Amino acid sequence: MPFNAESPAWPFHLRADEEATALSSYLNDLVGNDLAGNGPVGGKNDPLLQFNRAFWMAPWLAQEFQGSAIVHLVRDPRSVVWSQLTSASGKRVRMNWPLVGRLLPFTSGALQRVFCEHAYFGAHQSGEYFGKGLQLFHAEQTDPITSKSLQRLTAVRGALPYVKALALWGAQVEVFHRHVQHAFGDRSLLLRYEDFCNAPCKSIQSIYALLDYAVPDPVREYARSRIDTTRLRRWKEVDTAEQSFREGVRRAQIPSLMRELGYDPSQASSVTARSLSANSDSTVPTGFSDT
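Letter 187 of the sequence shown, counting from 1, is numbered 187 in the UniProt record's numbering, and no numbers are missing.
Written as structure tokens, this is what we have:
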């Protein structure tokens, strides 16, 4: 809900043809009052804004909210892509964002069939999603970072959907990561989703330290009791996924970015450091070949 009667109605939607000033006014109205409504920003109730897929917004956020800090939460791209797979027909959907949310879970056999035969990305329309991303990078060639990302995306236009999804992840994450480094400097924190799940208290401590706050005991207890680690790396449950992801990561040209963010592209998981599969990297299972 908005914090006062003058705020726009919630949910607030910004049309594609509207200027960013509308969003700026709305956000400034929200953060101009603390959560308790007791005073301006600067006290113990400093506001928190969460943005999803905000890979172009770092410079704007730094300008609009000067003195603010930012936490960039990243996840292993293999897990990101795996969570967005769906069948070609769309009848059995693991994740159909943003249409209807999560539906039926796959059985192990269904997961293997979907990944090997279809490897679709997103809400059925992987080509459309990738095309929109490519179009956006074409329009935003304002620095070497975006130009480099565009080259990588262009190189995989004819690849399978899961490869394009990996490349799009790399383009979006790298742009935001570089812009955050430049715009926020030491007022920024890169946090891996896997680290947050495996060591929530330590991760929360790093967030609070960024703001020079002490972590309240109730926050620690909540983190210990509520974090679910059972779904961190579901893609490893399918034998062909690890091998195919190694090839996909190579084709998407994201190994160096993954290493910089703390992920090992040659291993099943940089968190568990599981040993490499005995299968050759050059062998691609049926359904993953681009020919």
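Yeah, the Cβ is synthetic: ideal placement off N, Cα and C, and Gly gets one too. None of these values were measured; they are calculated from a predicted model.
Just verifying my parser: in three-state terms, what is the DSSP assignment at residue i?
i, result
"L191", "strand"
"L134", "helix"
"R259", "helix"
"residue 349", "In the structure displayed, the chain extends from 1 to 291; residue 349 sits before or after that span and is not available."
"W97", "Only weak support exists for where W97 lies, its pLDDT of 34 falling under 50; the value from the coordinates is given anyway. Note: W97 maps to coil in three-state DSSP."
"V249", "helix"
"I145", "helix"
"W56", "coil"
"R75", "coil"
"P47", "coil"
"S225", "helix"
"F196", "helix"
"I254", "coil"
"V163", "helix"
"L61", "helix"
"E242", "helix"
"Q267", "coil"
"G170", "helix"
"S83", "coil"
"E128", "helix"
"L150", "helix"
"L211", "coil"
Taking the DSSP output, what are the residues bridged to residue i?
i, result
"H177", "According to DSSP, which records beta bridges pairwise, H177 is partnered with nothing at all."
"I70", "S188"
Buried or exposed for residue i, going by 16 or more other Cβ atoms inside 10 Å?
i, result
"Q50", "exposed"
"R78", "buried"
"Q141", "exposed"
"H138", "exposed"
"S147", "exposed"
"E260", "exposed"
"L160", "buried"
"D76", "buried"
"residue 318", "Residue 318 lies beyond the residue range present for the chain, which begins at 1 and ends at 291; the question has no answer from this structure."
"A223", "buried"
"Q151", "exposed"
"L48", "exposed"
Among the options, which residue has its Cα nearest to the Cα of residue i?
i, options, result
"Y263", "L61, A199, V74, Q63", "V74"
"H72", "W82, V81, L61", "L61"
"R246", "L166, R224, L191", "L166"
"W82", "I145, E128, L136, A241", "A241"
"Q66", "M258, S225, G185, K202", "G185"
"D46", "A69, L168, F130, E64", "A69"
At a cut of 8 Å, does the segment 215 to 227 reach the segment 55 to 64 through at least three beta carbon pairs?
no
Please determine if the segment 193 to 208 and the segment 162 to 181 are in contact, where contact requires at least 3 C-beta pairs separated by less than 8 Å.
no
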